[in-house]
Each structure stands twice: as C-alpha cells, then as structure tokens.
Amino acid sequence: GSPLLWGLLIAYLIGLLWTLVIPIFEKPDEIHHYAYVRYVTDNKRIPIQGTSNPPFVEEESQQPPLYYLVLSTANYALDRLGISDPMIPEWSGLVNPKGPIRTGEEKRFWLSPDGSTVAARGTSRILILRLISLAIALLAVPFLIWTMDGLHAYTFWPKLLLIILFTTLPQMTFIFTSVTNDVALVLFSSVVLFFMLSRDISQRKEAFLLGAAYCLCIYSKQTALTMMPVVIAAPLIRFGNIKRARIASL
5 GSPLLWGLLI
15 AYLIGLLWTL
25 VIPIFEKPDE
35 IHHYAYVRYV
45 TDNKRIPIQG
55 TSNPPFVEEE
65 SQQPPLYYLV
75 LSTANYALDR
85 LGISDPMIPE
95 WSGLVNPKGP
105 IRTGEEKRFW
115 LSPDGSTVAA
125 RGTSRILILR
135 LISLAIALLA
145 VPFLIWTMDG
155 LHAYTFWPKL
165 LLIILFTTLP
175 QMTFIFTSVT
185 NDVALVLFSS
195 VVLFFMLSRD
205 ISQRKEAFLL
215 GAAYCLCIYS
225 KQTALTMMPV
235 VIAAPLIRFG
245 NIKRARIASL
C-alpha cells in the first residue's frame, strides 16, 4: 500500500480516539472557538472585538473568519437536524475545581453552577464538529506526501515514518481533534510548503497558487503573518537562480 493511505489511516484512528475520549471543552480554548462558531451561526456575521460579545466569544474574536464560516455552516445544519446544543451562556458560570479531589470523584475542568459535573448535553454536536476539524486537518497529509515526492528524497518507509511522527505528536493530535482554527492553518501551511519545495514557483501560475494558499493561511489564523517574508522571498530567489543559470549558459 502507499504511505499516503497508511498515513491517513493511522492519523484518522488516533484522531478518532482523541476526539471521542476527551470530554467536550476540556481542550484548551475549545469553548472559545465554539462560541465564535455559535455566534456566526446565530448572527450571520463575525464578532467585533471589544464590543459586548456573548460569553466566551471575546477571547477569540480577533481571529480571521475562514474556519468559523465553514464550521458555522455545519453548525447551522446541525441546528436544522435538531442536534442538541451545549448552550454556551449556561457555561459562563462554570468553574475550575479547586482543592483536593474526593475519593471516587472525577477530575473535570468544568463544573456546573450547582457543583456537579457538567451534563453531556451538546456532546454529540461538539464531537461532530471535532470530526469535521479532523477531516480538514487530514487534508494536509497528502500535501506532505506530495512534497516529499517532489523532493525525491524518501522511499516508502521513511515517508510513512515521517507521516506517523507528524500525526502522533501530542500537539498536532490536539490540534487535529479540536474545534479550533489551527486545523485550517495546518492544512493551508502544508499547501504553501508543497508549492515552495516541490513546484516551480518561478512560473506565474505556480507563484499565483502559492500566493492564494498563503492568503488562505492569513484568513485562517493571524500567526500566518510570520510566514510572509519567506513566502515573498521564495519565488524571487527561485526566479533569480533561474535567471543567473540562463546567463551562465550563454
């Protein structure tokens, strides 16, 4: 079999395990990202930072909208299907448990206002949105394989091992299986890497596609701005090298 298929299978199984095992909103910032999605679903616009936003929205309101627009479409479909919602406003009174845990008591980051562990209402919706996020993230795997193919650097087993390493790093697994805009940045960054390392970006069409992929990075997460110097420099360097090679051949 191909390393692409094996890599996708391994990443999917690990991602599915993390998706199902970890209770909703017990991943860092997941409640804020879902609150953003819920806001877009309800208001048909993105939140404005610094205004009177609903609970948990303000913390991520500075984020670019691409990921949230995609998930809000799915969230709207779940509304129409009658899938239960976590009811974000009720979570605003939840607290992080402090002090020792009593015998037989489970550790939970979030407790309901009356002190009991939070009910499972809305779990199905968040798990579905997590699976959509996982699907978005897994689209990065083919681009990593194609990048290695373009470099002609690896045979089957090294490719497979690199994909396994990429998909099993705890930080990557956390990103792949959370409601978070990081999954979109992982996907589009892998596309940018593919064009920079394995395509002839001195050509106008390839340079345009590289720029388009980078724009999608920016519309996914602000931290993509740190990539800008490299993305701009790469086609210029490639074009300069080709031009010098042509002059030398005369």
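Using our numbering, the letters of the sequence shown correspond one by one to residues 5 to 254. Backbone N, C-alpha and C define an ideal beta-carbon position, used for all residues, glycine too.
For TYR218, the uninterrupted alpha helix (DSSP H) run begins and ends at 208 to 222, by DSSP. Straight across, the Cα-Cα distance linking TYR218 with TYR71 is about 15 Å. Secondary structure at THR23: helix, using DSSP grouped into helix, strand and coil. Contact between VAL187 and PHE198 is absent: CB atoms are separated by about 17 Å, not below the 8 Å threshold.
Shown here, ARG84 sits in a helix according to DSSP, grouped into three states. Contact check for TYR43 against PRO58 passes: the beta carbons are separated by less than 8 Å. Just so you know, the alpha carbons of LYS163 and GLN53 end up roughly 43 Å apart. In this structure CYS221 touches VAL196 by the C-beta definition: roughly 6 Å separates them, less than 8 Å. In the three-state scheme derived from DSSP, where H, G and I count as helix and E and B as strand, LYS163 is classed as helix.
With at least 16 other beta carbons inside 10 angstroms of its own, MET200 counts as buried. Rounded to the nearest whole angstrom, the CA to CA distance from PRO51 to LEU73 is 12 Å. Nearest Cα to ILE236 within the set GLN226, PHE212, SER224, THR227: PHE212. With a cut-off of 8 Å on Cβ pairs, the stretch 7 to 15 is in contact with the stretch 164 to 176, counting three or more such pairs. Selection MET232, ARG84, LEU143, HIS156 evaluated against LEU191 yields LEU143 as nearest (Cα-Cα). When secondary structure is reduced to three states using DSSP, THR77 falls in the helix class.
DSSP places MET176 in the uninterrupted alpha helix (DSSP H) bounded by 174 to 180. Within its own chain, the residues whose Cβ lies closer than 7 Å to the Cβ of LEU148, once the five positions on either side in sequence are excluded, are ILE167, PHE170, SER194, listed in chain order. Proximity to GLN226 across LYS209, PRO239, LEU240, SER65 peaks at SER65, based on C-alpha coordinates.
With a beta-carbon spacing of about 13 Å, ARG129 and SER76 fall beyond the 8 Å limit used to define contacts.
Shown here, VAL61 sits in coil according to DSSP, grouped into three states, outside any helix or strand. Closest by C-alpha distance to MET231, out of ARG208, GLN207, LEU189, LYS209, is LEU189. Within the same chain, and ignoring the five residues on either side of HIS36 in sequence, the residues whose Cβ sits closer than 7 Å to its Cβ are PHE60, GLU63, GLU64. Straight across, the Cα-Cα distance linking GLY154 with LEU229 is about 26 Å. By the 16-neighbour rule on beta-carbons within 10 angstroms, PHE160 is exposed.
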